[in-house]
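Residue numbers (the numbering used here), protein chains in the order written: chain V, 5 to 340; chain D, 5 to 340; chain U, 5 to 340; chain G, 5 to 340. C-beta: ideal position from N, C-alpha, C; glycine also. Read the structure below first, then the notes.
There are 4 protein chains.
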Amino acid sequence: MIVILKQNASKEKVEELKKLLLQRGLKLHLSDGEETSLIGLIGDTTQIHEDELKALEVVEDVRRVSEPYKKANRKMHPGDTVIDVCGRKIGGGHFQVIAGPCSVETRDQITQVAKDVQKSGAGLLRGGAFKPRTSPYAFQGLGAEGLKLLLEAKKATGMPIVTEIMRLEHLDLFEDVDVIQVGARNMQNFELLKELGKLDKPILLKRGMSGTLDELLMSAEYVMAGGNEKVILCERGIRTFEKSYRNTLDISAIPMLKKKTHLPVIVDPSHAAGIRFMVEPLALAALAAGADGVMIEVHNDPERALCDGMQSLTPVMFDDVMNKIKRVLEPFGKTF
Amino acid sequence: MIVILKQNASKEKVEELKKLLLQRGLKLHLSDGEETSLIGLIGDTTQIHEDELKALEVVEDVRRVSEPYKKANRKMHPGDTVIDVCGRKIGGGHFQVIAGPCSVETRDQITQVAKDVQKSGAGLLRGGAFKPRTSPYAFQGLGAEGLKLLLEAKKATGMPIVTEIMRLEHLDLFEDVDVIQVGARNMQNFELLKELGKLDKPILLKRGMSGTLDELLMSAEYVMAGGNEKVILCERGIRTFEKSYRNTLDISAIPMLKKKTHLPVIVDPSHAAGIRFMVEPLALAALAAGADGVMIEVHNDPERALCDGMQSLTPVMFDDVMNKIKRVLEPFGKTF
Amino acid sequence: MIVILKQNASKEKVEELKKLLLQRGLKLHLSDGEETSLIGLIGDTTQIHEDELKALEVVEDVRRVSEPYKKANRKMHPGDTVIDVCGRKIGGGHFQVIAGPCSVETRDQITQVAKDVQKSGAGLLRGGAFKPRTSPYAFQGLGAEGLKLLLEAKKATGMPIVTEIMRLEHLDLFEDVDVIQVGARNMQNFELLKELGKLDKPILLKRGMSGTLDELLMSAEYVMAGGNEKVILCERGIRTFEKSYRNTLDISAIPMLKKKTHLPVIVDPSHAAGIRFMVEPLALAALAAGADGVMIEVHNDPERALCDGMQSLTPVMFDDVMNKIKRVLEPFGKTF
Amino acid sequence: MIVILKQNASKEKVEELKKLLLQRGLKLHLSDGEETSLIGLIGDTTQIHEDELKALEVVEDVRRVSEPYKKANRKMHPGDTVIDVCGRKIGGGHFQVIAGPCSVETRDQITQVAKDVQKSGAGLLRGGAFKPRTSPYAFQGLGAEGLKLLLEAKKATGMPIVTEIMRLEHLDLFEDVDVIQVGARNMQNFELLKELGKLDKPILLKRGMSGTLDELLMSAEYVMAGGNEKVILCERGIRTFEKSYRNTLDISAIPMLKKKTHLPVIVDPSHAAGIRFMVEPLALAALAAGADGVMIEVHNDPERALCDGMQSLTPVMFDDVMNKIKRVLEPFGKTF
């Protein structure tokens, strides 16, 4: 971290600042220029927030040189983290496809979709029981009943399941869930992240709609700081000015996250696009850019889906996408 | 709501769609053009999500004509809602200043700041006990202890207090809090909003960093749908490409929200700017644009603040801002 | 186009509006609901701007149903446009790689790079002679001299060349240029677009940093309306909140543009990323998502490049990317 | 400027870098930490682009400490620049109102509006002759004929005029124009800016729709570097995710620009809002935030305006806004 001092900073105040920084266990490196004087901070600066120093009268500006995250940082952990969900590996060359409906609706629906996507090669089953909806008047998911149906589908197929949590009090209900999803709107629900950090279960953490990569990594850090290092990051589209699609898939996030962190990175092309015909090209692009997996919405009857039917594939369409993925998996250096 | 049909839509499928819509209790208005055929939906369309219809094969696009919010809508409630907090009125020509430190730090600090801002004319006291921080390694607030100190400051001065909730389990601790704040990061924490809708206490709802006005109003609707209609909206700056200030105050939101809703609208210039010298011009601009109040961070020793010192005013600076506000309150048609 | 009338609109004023619209040669379709009355406009609405109608007292809102562009619209021209540049085809299954340095610097540099990228399989040579730079104090390109050197490299290798125009007065200098590039900052330089519409030469039109797809297509329409239908669209990254890379490649733009228009769509991963290591994954993602080509910056000595060295590949790195592209070209249904 | 070196940078390469920087006339300040080594550059760094250094193998990152603009920088010119347009002063406590129609349409229209706004207290007349329109099929302005009519209105009223240039070849036509406007879409039309830098005439430079303040100032620097220091900056709304208004007025830009630069800063509430009822609150907010003037669209018959009627005030409405401005001008420390 570099502290840039004001041109007219009094010697006394600067000495005070130096004392304060030394007390925090940092070493200081001074550099006095004609126009600008700097203090370089050496040591663990993750404990210091830039704004804290900017509040000081003598400080002109503060620039962070090292990353504010530790456990998620690839510099601390050069090898890829591989997360194993009941034998399905994600990361380190292992590509996984998570598929299923937006919402769990009926026993038949979720079990049938599970069987279909499994046959096509999906490794994990997704399905929403608790749904975050913009309107209080919209369908909010089947809740606990939905979770029960999802677990039945798991039993029927043997597929591990991924589903979203929206409220800490529900945590007990998630005991048999294999991967707990944190939705984009909760990326900075720090209280939720802290509690998930106490579990020993993979967390699929979605990037917020206008969150930066460093913010996503800081949210992963909240979970990891609690002791749970099994975090899967998920790029699901960001908000931009473009109105032709619901969100804009940030494909650049994939190579950059792979550089910044050792955690696996997957992509949700269904939510990113919000439109069925774009799911295939975006899923292939995710693979080409280096993602460790994709999460795709599949519904047996998208026209009658209670939620997000517009972006759901039919099982037949999904099978087609899977075939295309299989054809390029090897040249892109991945295996299922 | 207008449903635009695909050019080649089969008659059969269109009939199916019409039946579906009639079942929802809507009246339909058909309009067949050479190139485009439309169905206008008449009735309560707040129960229908655009995407649900877009999922249908015969539908090209859907355009909402009426607003998706009901209770927050000014059309349903033309007069201004005036919220009374222990005798301090907000809305309907009543302008309130909420002031206090970002975080409660010590008994002396919060009580002293309370007395100072009260003397200058602030009506309510703010202070954070539970703090949402980007980094798990940063100061997270004093928690329950902070709330206790805040209540002591209330006792000492008689000022009603505003403070942020981050977790439903804490709700009991907030019994004597006068206004519960929902932070920007929780604007779409729908589970939290639902519970706050069951209380009989004003809720100060902050706009999310990249939330639209309609999303903010839908979040207010979540609270109001539960029965609690005492919602105060707060514009606190949005995320933009500009890096010179922490956020960009969306001043246009004020006249537009006043048109869309009957709820009071206040502005937080401190968080919007993130820099001390901008607080005064932004507070005055908020008043000029028609806001019902401002929320300003004041700290007795900003250089040693544990949080957001950079944007906090000293009591002396705050007094100066209050004097400027008082001078133009009347020409802008407001009273304290 | 649908005109939504105000609830309390006077009959007289509505009649006036209807007369006005009929005079424009449109047919009208009326739909009177209890709460909302609509007028559907049938005919060529590209001549009407939404805002023009919104200015009227009786109009509540206006929604466009059909696209505002005609010549660029795939509905008017279902087959892919294939652009032939001296025998190199772009579009309709033909994938082209355009490569070369950001700026032309010396005769040796441009000719050597041309030979290198040609050997690796690039079809066209790029190189900037006139450079748009944020700072007036930065290197502004070699100008006319640079164009001359670029033409020499064309002669030496037989590769057609692509270079950017910044000023109408320079048009004469571009006579032997094969493809004229319009940079992102000039996407809405309408006067420039109008003049380029009078040429019979392919125009490579880059999307503005915060331009929408419809705005890009309207800019293409400016060129096409003048008679020049040889427009190649180029996605080069948009501005977002993410600071880890210069721009954010909007990969979703590719399938959506291919749906909206018949024009070829290429991607510039070098400018999108601004960082060398991201060029390969983004180029492959572009191909996977359906792009008709990529434009990649290659420099013989990136560390000494006068411009954008940070994102330039060496010829060896470029050769490696080309090999990866060749390996997946066929499964993605493309040929060089 | 601070250069952060890679951890494993070879001594040899670092020496090479140091030599390169010394050759540019800079002094260097080295600081070797355990984890990070830095080089502080002292001297005129406006000639160096960050990306140029980032291209080097040994460089991890580059942080600019001083601003990249010189002539526009308040540090070089602490007092406010006051621009005098035929006796109307802008800046340094002088507040000016520029008013007139979006487009010049007829002699009667422009002359009548000019008389009306003059009577209400406007100091300068605006009116577009050349109009940048998103669609090639929309009204493009009266062109040279429009300029002629505008000059007649100037003659009739004595008001100096402001109008937009879109093309260098038109420069001759602008000889009698008092203030030349550069539109938002041309903020980075560097060739245009360079030529305007050779004039001795005030330039009203509008901020681009997603331009940052530093980019705006670098564009001002293009004009000033050419010798023309009479630049008036204009905030006219930025693009955000909010769809209720055309653009979002960045009110925070006013105090920040006043800190960064000595140039006058005005606001265009009409284009920022795009809706009539918002013009008044935004104009007052601009004044409250410290702007040096506002530019307001006024049309004698907004419902029949050929352009932007939706946001134009009638002369009666404008008179009302002027009265409100006059009432608070003095408490905000401004005079006409």
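Worksheet item: With C-beta atoms as the reference, is arginine 211/D less than 8 Å away from leucine 220/D?
Response: The count along the second sequence starts at 1 and reaches residue 211/D at position 207. The count along the second sequence starts at 1 and reaches residue 220/D at position 216. Using a Cβ distance threshold of 8 Å, arginine 211/D and leucine 220/D count as a contacting pair.
Discussion item. Per DSSP, what are the beta-bridge partners of arginine 171/V in this structure?
Written reply: The residue labelled residue 171/V in the question sits at position 167 within the first sequence. Answer is none; arginine 171/V lacks a bridge partner.
Worksheet item: If you run the structure through DSSP and keep just helix, strand and coil, what is valine 108/G?
Response: Reading the fourth sequence from its first residue, position 104 is the one you call residue 108/G. It is coil, neither helix nor strand.
Item to complete: Under the assumption that glycine 201/V contacts valine 183/V (Cβ atoms under 8 Å), give the Cβ distance between them as a whole number of angstroms.
Response: Residue mapping note: residue 201/V aligns to position 197 of the first sequence, counting from 1. Residue mapping note: residue 183/V aligns to position 179 of the first sequence, counting from 1. Contact doesn't hold; Cβ gap of about 15 Å is too wide.
Worksheet item: Just how far apart, CA to CA, sit leucine 45/D and serine 274/G?
Response: Position 41 of the second sequence holds residue 45/D. Position 270 of the fourth sequence holds residue 274/G. Taking the straight line from one Cα to the other gives about 34 Å.
Worksheet entry | Candidates Val332/V, Leu317/V, Ile165/V, Ala13/V, of which the one nearest leucine 208/V by Cα | Against the first sequence, residue 208/V aligns to sequence position 204. Comparing Cα positions, the closest option is Ile165/V.
Item to complete: Measure the CB-CB distance between methionine 321/D and proline 259/G and report whether it falls below 8 Å.
Response: If you number the second sequence from 1, residue 321/D lands on position 317. If you number the fourth sequence from 1, residue 259/G lands on position 255. For methionine 321/D and proline 259/G, no; Cβs fall outside 8 Å.
Fill in: DSSP three-state assignment for glutamate 307/D, whether helix, strand or coil
For this step, residue 307/D is matched to residue 303 along the second sequence. Three-state result, glutamate 307/D: helix.
Discussion item. With H, G and I counted as helix, E and B as strand and the rest as coil, what does DSSP make of glutamine 185/U?
Written reply: Stepping through the third sequence from its first residue, residue 185/U is reached at position 181. DSSP places glutamine 185/U within a strand segment (E or B) once states are collapsed to three.
Worksheet item: How about histidine 266/V and arginine 92/V: do their beta carbons lie closer than 8 Å?
Response: The residue given as residue 266/V occupies position 262 in the first sequence. The residue given as residue 92/V occupies position 88 in the first sequence. Not in contact: histidine 266/V and arginine 92/V (Cβ atoms no closer than 8 Å).
Discussion item. Does the CB of phenylalanine 245/D have a neighbour CB from chain V at under 8 Å?
Written reply: Counting from one through the second sequence, the residue named residue 245/D turns up at place 241. By this cut-off, phenylalanine 245/D is not an interface position.
Item to complete: Determine whether the Cβ of glycine 131/D lies closer than 8 Å to any Cβ atom of chain U.
Response: By 1-based counting over the second sequence, the position of residue 131/D is 127. So no, glycine 131/D is outside the interface.
Worksheet item: To the nearest angstrom, how far is it from the Cα of glycine 297/D to the Cα of leucine 291/D?
Response: One-based indexing of the second sequence puts residue 297/D at position 293. One-based indexing of the second sequence puts residue 291/D at position 287. Going by the C-alpha atoms only, they are around 7 Å apart.
Practice prompt. Could you tell me whether the stretch 300-319 of chain V touches the stretch 104-119 of chain V, where touching means 3 or more Cβ pairs closer than 8 Å?
Written response: Contact holds: three or more Cβ-Cβ distances are below 8 Å.
Fill in: For leucine 333/U and lysine 3/V, the rounded distance between their alpha carbons
Since the displayed chain V opens at 5 and closes at 340, residue 3/V lies outside it and no answer follows.
Discussion item. Residues of chain U with CB closer than 7 Å to the CB of histidine 81/G, please, in chain order.
Written reply: The residue given as residue 81/G occupies position 77 in the fourth sequence. Those within 7 Å of histidine 81/G in chain U number zero; the least Cβ separation is about 17 Å.
Worksheet entry | Chain-ordered chain G contacts of alanine 289/D [CB-CB under 7 Å] | Counting from one through the second sequence, the residue named residue 289/D turns up at place 285. Result: Ile255, Ala289, Ala292, Ala293.
Practice prompt. Tell me whether serine 14/G is buried or exposed, calling it buried when 16 or more other Cβ atoms sit within 10 Å of its Cβ.
Written response: Here residue 14/G refers to the residue found at position 10 when the fourth sequence is read from its first residue. Serine 14/G comes out exposed.
Fill in: Limits of the unbroken beta strand (DSSP E) element including histidine 33/U
Here the question's residue 33/U lines up with position 29 in the third sequence. Histidine 33/U: member of the beta strand (DSSP E) spanning 31-36, first to last residue.
Worksheet item: Exposed or buried, glutamine 27/V, counting other C-beta atoms within 10 Å across all chains shown (16 or more means buried)?
Response: By 1-based counting over the first sequence, the position of residue 27/V is 23. Exposed: under 16 other Cβ atoms inside 10 Å.
Item to complete: Flag this pair as touching only if the stretch 238-246 of chain D and the stretch 238-255 of chain G have three or more C-beta atom pairs under 8 Å; answer yes or no.
Response: Counting Cβ pairs under 8 Å, three or more are found: they touch.
Fill in: Closer than 8 Å at the beta carbon, the chain U residues around leucine 172/G
Along the fourth sequence, one-based indexing puts residue 172/G at 168. In chain order: Arg171, Leu172, Glu173.
Fill in: For aspartate 112/V and glutamine 144/D, the rounded distance between their alpha carbons
As a first step, residue 144/D must be located in the second sequence, where it is residue number 140. As a first step, residue 112/V must be located in the first sequence, where it is residue number 108. Near 46 Å, if we compare the C-alpha coordinates of aspartate 112/V and glutamine 144/D.
Fill in: Beta-carbon proximity list for alanine 293/D, same chain, < 7 Å, skipping 5 on both sides
Start at 1 with the first residue of the second sequence, and residue 293/D comes out as number 289. Listed in chain order, the non-local C-beta contacts of alanine 293/D below 7 Å within the same chain comprise Ile255, Ile258, Pro259, local neighbours out to five positions each way being set aside.
Worksheet item: Do three or more CB pairs link the stretch 142-161 of chain V to the stretch 95-114 of chain V at distances below 8 Å?
Response: Judged by Cβ distances under 8 Å, the stretch 142-161 of chain V makes contact with the stretch 95-114 of chain V, as three or more pairs qualify.
Worksheet item: Would you say glutamine 346/U and serine 223/U are within 8 Å of each other, going by their C-beta atoms?
Response: Here chain U has residues from 5 to 340 only, and residue 346/U is not among them.
Worksheet item: Do we get a CB-CB distance below 8 Å when we pair glycine 313/V with the residues of chain D?
Response: As a working note, residue 313/V is residue 309 in the first sequence. With a threshold of 8 Å between beta carbons, glycine 313/V makes contact with chain D.
Worksheet item: With methionine 2/U and valine 69/U assumed to form a contact (beta carbons below 8 Å), what rounded beta-carbon distance in angstroms separates them?
Response: No information on residue 2/U is available, as it lies outside the stretch 5 to 340 that chain U covers here.
Discussion item. On a Cα-Cα basis, can you pick out the residue from Ile169/U, Gly96/U, Pro82/U that is closest to isoleucine 270/U?
Written reply: Taking the third sequence and counting its residues from 1, one reaches residue 270/U at position 266. Among Ile169/U, Gly96/U, Pro82/U, the Cα nearest to that of isoleucine 270/U is on Gly96/U.
Item to complete: Following the continuous beta strand (DSSP E) through valine 227/D, name the residue where it begins and the one where it ends.
Response: If you number the second sequence from 1, residue 227/D lands on position 223. For valine 227/D, no beta strand (DSSP E) segment is defined; the enclosing uninterrupted segment is the alpha helix (DSSP H) at 217-229.
Discussion item. Taking its Cβ as the centre, do 16 or more other Cβ atoms sit within 10 Å of alanine 148/U, making it buried, or is it exposed?
Written reply: Start at 1 with the first residue of the third sequence, and residue 148/U comes out as number 144. Label assigned to alanine 148/U: exposed.
Worksheet item: Is the beta carbon of threonine 167/G sitting closer than 8 Å to the one on glycine 131/G?
Response: Against the fourth sequence, residue 167/G aligns to sequence position 163. Against the fourth sequence, residue 131/G aligns to sequence position 127. A contact, by the Cβ cut-off of 8 Å.
Worksheet item: Is the beta carbon of leucine 237/V less than 8 Å from the beta carbon of proline 268/V?
Response: For the purposes of this step, residue 237/V is taken as residue 233 along the first sequence, with counting starting at 1. For the purposes of this step, residue 268/V is taken as residue 264 along the first sequence, with counting starting at 1. Going by C-beta atoms, leucine 237/V is nearer than 8 Å to proline 268/V.
Worksheet item: How should glutamine 315/V be labelled, buried or exposed, when 16 other C-beta atoms within 10 angstroms of its C-beta is the threshold for buried?
Response: Here residue 315/V refers to the residue found at position 311 when the first sequence is read from its first residue. Burial call: buried.
Practice prompt. Check each residue of the stretch 53-73 of chain V: if its Cβ is closer than 9 Å to any Cβ of chain U, include it; give the result in chain order.
Written response: Within the stretch 53-73 of chain V, no residue qualifies.
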